[in-house]
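Number 318 in my numbering belongs to position 318 of the sequence shown; there are no gaps in the numbering. First up is the structure itself, then whatever we jot down about it.
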Amino acid sequence: MPDFPSPELRRVVVLGTGGTIAGKAASSGDNIGYTAGQVGVADLLGGIEAPQGVTLVAEQVAQLDSKDMSFETWQKLAQRCAHWLAEPDVAGVVVTHGTDTLEETAFFLHSVLACAKPVVLTCAMRPASALSPDGPQNVRDAIGVALAAGARGVTVVCAGAIHSGADVQKVHTYRLDAFASGDAGVVGYVEEGEVRRVRAWPEGGALPASKIFEAAAVQWPRVEIVMSHAGASGAVVEALLQPGNAEPVRGLVLAATGNGTLHHALEAAALKAQEAGVAVVRATRCMNGRILPKADDRLRDAGTLTPVKARIALMLELLG
Ligand code: ASP
Numbered sequence: 001m002p003d004f005p006s007p008e009l010r011r012v013v014v015l016g017t018g019g020t021i022a023g024k025a026a027s028s029g030d031n032i033g034y035t036a037g038q039v040g041v042a043d044l045l046g047g048i049e050a051p052q053g054v055t056l057v058a059e060q061v062a063q064l065d066s067k068d069m070s071f072e073t074w075q076k077l078a079q080r081c082a083h084w085l086a087e088p089d090v091a092g093v094v095v096t097h098g099t100d101t102l103e104e105t106a107f108f109l110h111s112v113l114a115c116a117k118p119v120v121l122t123c124a125m126r127p128a129s130a131l132s133p134d135g136p137q138n139v140r141d142a143i144g145v146a147l148a149a150g151a152r153g154v155t156v157v158c159a160g161a162i163h164s165g166a167d168v169q170k171v172h173t174y175r176l177d178a179f180a181s182g183d184a185g186v187v188g189y190v191e192e193g194e195v196r197r198v199r200a201w202p203e204g205g206a207l208p209a210s211k212i213f214e215a216a217a218v219q220w221p222r223v224e225i226v227m228s229h230a231g232a233s234g235a236v237v238e239a240l241l242q243p244g245n246a247e248p249v250r251g252l253v254l255a256a257t258g259n260g261t262l263h264h265a266l267e268a269a270a271l272k273a274q275e276a277g278v279a280v281v282r283a284t285r286c287m288n289g290r291i292l293p294k295a296d297d298r299l300r301d302a303g304t305l306t307p308v309k310a311r312i313a314l315m316l317e318l319l320g
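Now the structure itself:
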């Protein structure tokens, strides 16, 4: 671990939310048949030595499989991050999280937190009970990033790479190095606790997110994702907009092909929805690149955002 950046920054707070990193299987040889979110965050820090003069503070914010992530947990997590970042002696916050929706939580926090300090999400592909778990090294690396001089913004640390919370995507179902940053590339690497940065730290917090920090319970707008594909139709959009639906749909993200193209039948239904007042955005299904806008586009596009991130951006926009 490097020396910590300044004598005033004495604490790193580790917020636990569950995931495989806190998972347990019946046998140490089983890397897939486990239950996520079993081990408390204080125990995950058990074997990790803090650099001299640094105290690690553990706080359990949630204990779930991140496939089941909820808006309530996001709100609580954002509030706890903001709380700890405001403490003058806190260098940064580490969040232990499942890999499945890690990119969504990272993008959400990136969107709502104005971080002059680092918030570092980390995870594991193998449960804590595995013969050779990857979680402890990832947590150690994340603490290294939280303590790195000049570190700021929301990042994700996995398998020695540092990704920006804006660009990261889970790209592998099994490999320990399961994340990538697409065209943007990684922010850097962590090597023996030292950060080797190759591009700027991410800047976030552009969206007005006061409701998330002030309201006890947020009324999250319903935004659904509908995919365009061979043989698509307008049926899903029409079903979603049926009058009498308990929770009305306020936004639609169309997971579009290539440069934002849509099956003509889906496009017709989406245009009708837009005319009826639903916010409609196209986001590309492609892993890399962005939608290049054209003069005759009738539905706006989400640029580089993937459909799941475009959904979060649209929800925050509707909330704002
Ligand atoms: N289902 C797990 C989760 O997202 C997967 C993982 O953490 O790797 O919580």
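Each residue gets a CB set at the ideal place from its N, CA and C atoms; glycine is no exception. Computed from a predicted model, the values in this text were never measured in an experiment.
The Cβ atoms of residue 92 and residue 146 lie closer than 8 Å to each other. Pairing residue 110 with residue 66 gives a Cβ-Cβ distance that is not under 8 Å.
Annotation: residue 34 to residue 20 spans about 8 Å, alpha carbon to alpha carbon. Residue pairing by DSSP puts residue 96 in a beta bridge opposite 16 and 122. Annotated as distal: residue 24 and residue 132, with beta-carbon spacing of 8 Å or more. For residue 67, the distance from the CB to the nearest heavy atom of the ligand ASP is below 7 Å. Judged by their CB atoms, residue 153 and residue 204 are nearer to each other than the 8 Å cut-off.
In the DSSP annotation of this structure, residue 113 is not part of any alpha helix (DSSP H), being labelled neither H nor E. For residue 123, the shortest separation between its Cβ and any heavy atom of the ligand ASP lies below 7 Å. Bridge partners of residue 24 according to DSSP: 35. For residue 164, no alpha helix (DSSP H) segment is defined; the enclosing uninterrupted segment is the beta strand (DSSP E) at 161-164. Note on geometry: alpha-carbon atoms of residue 87 and residue 224 lie some 37 Å from one another. The residue among 27, 42 and 74 with its C-alpha nearest the C-alpha of residue 315 is 74. Three or more Cβ pairs closer than 8 Å define a contact, and the stretch 292-311 falls short of that threshold against the stretch 186-196. Between the alpha carbons of residue 176 and residue 158 lies a distance of about 8 Å.
The alpha helix (DSSP H) runs lying completely inside the stretch 241-297 and spanning 4 residues or more are 264-275, given in chain order. Cβ-Cβ distances below 7 Å link residue 298 to 271 in the same chain, with the five nearest sequence neighbours on each side left out; the list follows chain order. Residue pairing of residue 188 in beta bridges, as defined by DSSP: 162 and 197. In the DSSP annotation of this structure, the continuous segment of the beta strand (DSSP E) that includes residue 56 starts and ends at 55-64. Assignment of beta-bridge partners to residue 301 by DSSP yields 282. Cβ neighbours of residue 39 within its own chain (closer than 6 Å, five residues either side excluded): 22 and 128. Rounded to whole angstroms, the gap between the alpha carbons of residue 140 and residue 179 is 18 Å.
In the structure shown, residue 170 falls within a strand segment according to DSSP collapsed to helix, strand and coil. A direct Cα-Cα distance of roughly 35 Å separates residue 227 from residue 118.
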